[in-house]
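Some notes on the structure that comes next.
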Amino acid sequence: MNAGDLNIWQLVLHASLFVKFVMLVLLAFSFLSWGIIFRKHTMLKTALTGANEFEERFWSGADLAALFREVTGRGGQISGIEGIFEAGFREFARQRQRRGVDPRTLLEGAQRAMRVAQTREIDRLEGNLEFLANVGSISPYVGLLGTVYGIMISFQGLATLKEATIASVAPGISEALVATAMGLIAAIPASWAYNRYSNKVERVATRFDTFTEEFSAILQRQAHVED
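In this note's numbering, the protein residues as written are 1213 to 1439.
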């Protein structure tokens, strides 16, 4: 095989069985990572857009009971800031129907419900980010493992040759180095996406914390007024 005839596909086809297995694992890592990347992009964009739209309605002076009926009346799973609002207001209304409940108990019950909803939502947004972090950290080493093994096989093949030259060992080394390249191809997007989406999740969590505090203040005033 001449150097001019070499291409990536030929290098993959001529690699040893173990190196091919390593490449297959890295290819699977890459496909799974890109699937998570696209899904997280949509999920976080939806969360931020939904937070903006709901807060705009919330701070427009709408009646809380009417807003609650609007949120729960649409059907389907309630998520994001709407889910936190729904959980807090539902618990507040439930506690308020009981006789003899003091304002502090009303507020603490609503806050617990909102914290649970917030934790559940953050867990949903963080899902599979750990996989991206793992792919970003281990893929280069997996590729390096394939490369080391491929180079070892290439040098072992030299034992059967009477005269060892660069031309005789270079193709085998090139085939092995493809595994390292594939490891980097899988690792770089995964690492970038993990850092980017982790920061976005933190921003969303801050929005949730802020809303929870502000909504708690509103509920506190209502609890004392009705008391």
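Built from N, CA and C at the ideal position, the CB exists for glycine as well.
(message) So, for Ala1429: in the same chain, excluding its five sequence neighbours on each side, which residues have a beta-carbon less than 7 Å away from its beta-carbon?
(response) Position 217 of the sequence shown, counted from the start, is the residue given in the question as residue 1429. Within the same chain, Ala1429 has no close Cβ partners at all.
(request) Take Thr1359 and list the residues in its own chain whose beta-carbon comes closer than 6 Å to its own, dropping the five residues that flank it on each side. (result) Numbered from its first residue, the sequence shown carries residue 1359 at position 147. Ala1388, Leu1389, Ala1391, Thr1392, listed in sequence order.
(request) Look at Leu1319 and Leu1238 and say whether their C-beta atoms are less than 8 Å apart. (result) Position 107 of the sequence shown, counted from the start, is the residue given in the question as residue 1319. Position 26 of the sequence shown, counted from the start, is the residue given in the question as residue 1238. Result no, Cβ atoms of Leu1319 and Leu1238 do not sit closer than 8 Å.
(request) Determine, using beta-carbon pairs with one atom in the segment 1400-1420 and one in the segment 1341-1351, whether at least three such pairs fall under 8 Å. (result) yes
(request) Return the Cβ separation of Gly1348 and Ala1399 in integer angstroms, given the expectation that the two are a contact with Cβ distance under 8 Å. (result) Along the sequence shown, read from residue 1 onward, the residue named residue 1348 stands at position 136. Along the sequence shown, read from residue 1 onward, the residue named residue 1399 stands at position 187. Rounded, the Cβ-Cβ distance is 5 Å, consistent with contact.
(message) On the DSSP letters alone, give me the boundaries of the alpha helix (DSSP H) that Asn1340 sits inside.
(response) For the purposes of this step, residue 1340 is taken as the residue at position 128 of the sequence shown. Neither: Asn1340 is in no alpha helix (DSSP H) and is coded neither H nor E.
(request) For Leu1236, count neighbouring C-beta atoms within 10 Å of its own C-beta (all shown protein chains included) and say buried if the count is 16 or more, exposed if not. (result) For this step, residue 1236 is matched to residue 24 along the sequence shown. Counting Cβ neighbours within 10 Å, Leu1236 comes out exposed, since fewer than 16 surround it.
(request) Output the distance between the C-alpha atoms of Gly1295 and Ser1366, rounded to the nearest integer angstrom. (result) Locating residue 1295 in the sequence shown gives position 83, counting from the first residue. Locating residue 1366 in the sequence shown gives position 154, counting from the first residue. Going from the Cα of Gly1295 to the Cα of Ser1366 covers about 59 Å.
(message) How far does the alpha helix (DSSP H) with Trp1246 in it extend, from its first residue to its last?
(response) Along the sequence shown, one-based indexing puts residue 1246 at 34. First-last of the alpha helix (DSSP H) with Trp1246: 1229-1270.
(message) Need the endpoints of the alpha helix (DSSP H) that Gly1273 sits in, please.
(response) Within the sequence shown, the letter at position 61 stands for residue 1273. No alpha helix (DSSP H) holds Gly1273; DSSP gives it neither H nor E.
(message) I need the straight-line Cα distance from Phe1230 to Pro1352, nearest angstrom please.
(response) Residue numbering aside, residue 1230 sits at position 18 when the sequence shown is read from its first letter. Residue numbering aside, residue 1352 sits at position 140 when the sequence shown is read from its first letter. Answer to the nearest angstrom: the Cα atoms are 16 Å apart.
(message) For Asn1214, count the other beta carbons within 10 Å of its own beta carbon; 16 or more makes it buried, fewer makes it exposed. Which is it?
(response) Here residue 1214 is taken as the residue at index 2 of the sequence shown, counted from 1. Any reading at Asn1214 is ruled out, since the residue's pLDDT is 46, under 50, leaving its predicted position unreliable.
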